[in-house]
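Following: one structure in structure tokens, then a few remarks.
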Amino acid sequence: MWRTGDRESALLFQARTGSLPTRKRHWELFDTDPSCRLCGATEETIQHILMDCPRLGARDLPKINLAEYLGLPDDPVDTRVEHTESAKRRLKLWDRLCWQVDKHPDSVQRNEGPTENI
Numbered sequence: 008m009w010r011t012g013d014r015e016s017a018l019l020f021q022a023r024t025g026s027l028p029t030r031k032r033h034w035e036l037f038d039t040d041p042s043c044r045l046c047g048a049t050e051e052t053i054q055h056i057l058m059d060c061p062r063l064g065a066r067d068l069p070k071i072n073l074a075e076y077l078g079l080p081d082d083p084v085d086t087r088v089e090h091t092e093s094a095k096r097r098l099k100l101w102d103r104l105c106w107q108v109d110k111h112p113d114s115v116q117r118n119e120g121p122t123e124n125i
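Per our numbering, the very first residue in the sequence shown carries number 8; after that it's consecutive.
So, in structure tokens, the structure goes:
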């Protein structure tokens, strides 16, 4: 079983390297539905998950670019840590909610507002 920090770090690593198992990535590999499992948006991408998905509270985010949000090296150290921790929390929430949707698709309603933190 993953420890919490390990899972969050693994998700962040996947997001930084473009290997996060989003529906868009799955669609590119297997020609499946690329829409967001949580809100039904056209494509579930890394940017959508971290910055645009209304079910993950996208309206509450400061306006920064994806590289800054992932805490990539061009960011100053103090903001890089803040952005990285925020990205980890959002990825953890996305991961848990998608697990619920995948296991119990009829119990989760799409196109609603932000979901409470798990």
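Yeah, the Cβ is synthetic: ideal placement off N, Cα and C, and Gly gets one too.
How many Å lie between residue i and residue j at the Cα?
{"i": "His55", "j": "Gly25", "result": "13 Å"}
{"i": "His90", "j": "Asp81", "result": "12 Å"}
{"i": "Arg87", "j": "Ser93", "result": "10 Å"}
{"i": "Trp9", "j": "Ala17", "result": "For Trp9, the predicted structure reports a pLDDT of 48, less than 50, and the residue's modelled location is therefore unreliable. A value from the coordinates is still provided. One C-alpha to the other measures close to 10 Å."}
{"i": "Asp109", "j": "Leu45", "result": "10 Å"}
{"i": "Asp85", "j": "Ala74", "result": "15 Å"}
{"i": "Cys105", "j": "Leu36", "result": "19 Å"}
Short of 6 Å in beta carbon distance, which residues of its chain neighbour residue i, apart from the five on each side in sequence? Order them along the chain.
{"i": "Lys95", "result": "Glu15 and Leu19"}
Beta carbon of residue i, beta carbon of residue j: below 8 Å?
{"i": "Lys6", "j": "Thr52", "result": "Residue 6 lies beyond the stretch modelled for the chain, which goes from 8 to 125, so this question has no answer here."}
{"i": "Ala22", "j": "Leu98", "result": "yes"}
By the DSSP assignment, the alpha helix (DSSP H) with residue i in it spans what residues?
{"i": "Glu35", "result": "Arg30 to Phe37"}
{"i": "Thr86", "result": "Val84 to Lys110"}
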